[in-house]
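Chains as they are written, first to last, in our numbering: chain D, -15 to 102; chain C, 20 to 133.
The beta carbon of each residue, even a glycine, is placed where N, CA and C say it ideally should be.
This report concerns only the one structure given below.
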Amino acid sequence: AQKVTQAQTEISVVEKEDVTLDCVYETRDTTYYLFWYKQPPSGELVFLIRRNSFDEQNEISGRYSWNFQKSTSSFNFTITASQVVDSAVYFCALLSNAGGTSYGKLTFGQGTILTVHP
Amino acid sequence: EAGVTQFPSHSVIEKGQTVTLRCDPISGHDNLYWYRRVMGKEIKFLLHFVKESKQDESGMPNNRFLAERTGGTYSTLKVQPAELEDSGVYFCASSQGLSSYEQYFGPGTRLTVT
């Protein structure tokens, strides 16, 4: 079975602090994909990043960085020098070819509410 | 390019009534998905269309939910009759091609059943 755990329900930081959102996943597939989505107050889910299971290189995009470690089944997301506009709900998700069906079903974590105070 | 759109944005209905949610995917996207987030819980998969065919409907909770995608364009999700536990946010997503790696989500429909 596929499972994604985001243990942090809510995080509150002050602007310019660094913050890391944790994500741990479970899957028996050897090929899978991991995602982070952002849900701002407007409600839509905004795609941030996709990572393949065979590529453990960390990625940096501006103030965002992602740390993928297969050994610990984790895919953590760090925001450096956080800003008020980063306030949102962040979801980690897993996509795998579970049971031989097509790669279609995203399995989400429960989400982490990030509040950045000025 | 227009994104995924959903209608209505909010719906408040009484228990026992019927509601139909609509999703318009990004033009040219063959794959269309429905997900649901019940209050405070994770977003859960409902079903996946490839064009007009149901590829995977393993997440549909029960037979009160009916999804259609006539002509392989927009999709509707009907709940009949609605129950209190159906309240939540219903998301639609679409993706292009056989490799559904990047799903683009709509803003969701917030359904409240009273």
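Check                                                                                                                          : Outcome
Residues in the region 71 to 88 of chain C with C-beta within 8 angstroms of chain D's C-beta atoms, listed in sequence order? : Q74, D75, S77, G78
Determine the contact status of R56 (chain C) and V108 (chain C), defining contact as a CB-CB distance below 7 angstroms.      : yes
Roughly how many angstroms lie between the CA atoms of C158 (chain D) and L90 (chain D), to the nearest whole one?             : Given that chain D is displayed from residue -15 to residue 102, the structure contains no residue 158 (chain D) and the question cannot be resolved.
Between E(-6) (chain D) and T4 (chain D), what straight-line distance do the alpha-carbon atoms span, to the nearest angstrom? : 12 angstroms
Nearest-angstrom Cα distance between D49 (chain C) and D39 (chain D)?                                                          : 27 angstroms
If we call anything under 7 angstroms between Cβ atoms a contact, is I63 (chain D) one with R47 (chain D)?                     : yes
Do we get a CB-CB distance below 7 angstroms when we pair F38 (chain D) with the residues of chain C?                          : no
In whole angstroms, what is the alpha-carbon distance linking T24 (chain C) and R41 (chain C)?                                 : 8 angstroms
Sort C:N82, C:L130, C:T128, C:S113 by Cα distance to K6 (chain C) and report the nearest one.                                  : There is simply no residue 6 (chain C) to check, as chain C begins at 20 and stops at 133 in what is shown.
By how many angstroms is the C-alpha of S94 (chain C) removed from the C-alpha of D105 (chain C)?                              : 19 angstroms
To the nearest angstrom, report how far apart E10 (chain D) and L78 (chain D) are at their CA atoms.                           : 9 angstroms
Out of curiosity, what's the CA-to-CA distance linking K0 (chain D) and G88 (chain D)?                                         : 37 angstroms
How big is the Cα-Cα spacing for G143 (chain C) and Y17 (chain D)?                                                             : Nothing can be reported for residue 143 (chain C): it is not among the residues displayed for chain C, which extend from 20 to 133.
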